[in-house]
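Novice: So for the sequence shown, my numbering puts the first residue at 15; every next one is plus one.
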Amino acid sequence: MIQDPWKTFRCKPDPSGCEVEFQDTTYSDLGRDAVYYVRAIEEVSPAVNGGQLRCEYDEQGRCIKVKPCYGDYRTDPNDDCLANVEERAWSSPIYLTQPKQK
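1. Determine the contact status of Pro60 and Asn92, defining contact as a CB-CB distance below 7 Å.
2. From what residue to what residue does the alpha helix (DSSP H) around Tyr41 run?
3. With distances taken Cα to Cα, identify the nearest neighbour of Lys79 among Gly45, Asp86, Gly85 and Gln66.
4. Near Gly45, which residues of its chain fall below 8 Å by C-beta distance, leaving aside the five closest residues on each side in sequence?
5. Could you name the residues of the same chain whose beta carbon sits closer than 6 Å to that of Val49, not counting the 5 residues immediately before and after it, in chain order?
6. How would you label Cys83, buried or exposed, when you count the other beta carbons within 10 angstroms and need 16 or more for buried?
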């Protein structure tokens, strides 16, 4: 059973990072092993080619024209190719195994 996202924690902006502790009160009641992982979502920031194809959209939200940043003569030298992105990172899985019944 996948519950994504199961819990969400907000962190205050801090250059030294963020630390979170949580308790899954259903873990022992359900009687099955569990796997947890952390997905960190960074604040929005500009990134080169963050806009990918830089679509121009019509009223229905369909991409009708693209303006890729090629990084060569096809792209205006004054175009910095920046677009805001929300970078993400995933932790390694955290495995919990239910104790064996005696």
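For each residue, glycine too, the CB sits at the ideal point set by N, CA and C.
Specialist: Reading off the structure:
1. Asn92 is positioned such that its CB atom lies no closer than 7 Å to that of Pro60.
2. Looking at the DSSP string, the run of the alpha helix (DSSP H) that includes Tyr41 is Tyr41 to Leu44.
3. The shortest C-alpha separation from Lys79 is found at Gln66.
4. Cβ neighbours of Gly45 within its own chain (closer than 8 Å, five residues either side excluded): Gln112.
5. The beta carbon of Val49 sits closer than 6 Å to those of Pro107 and Tyr109, all from its chain and outside the five residues before and after it, given in chain order.
6. By the neighbour-count rule (16 or more Cβ atoms within 10 Å), Cys83 is buried.
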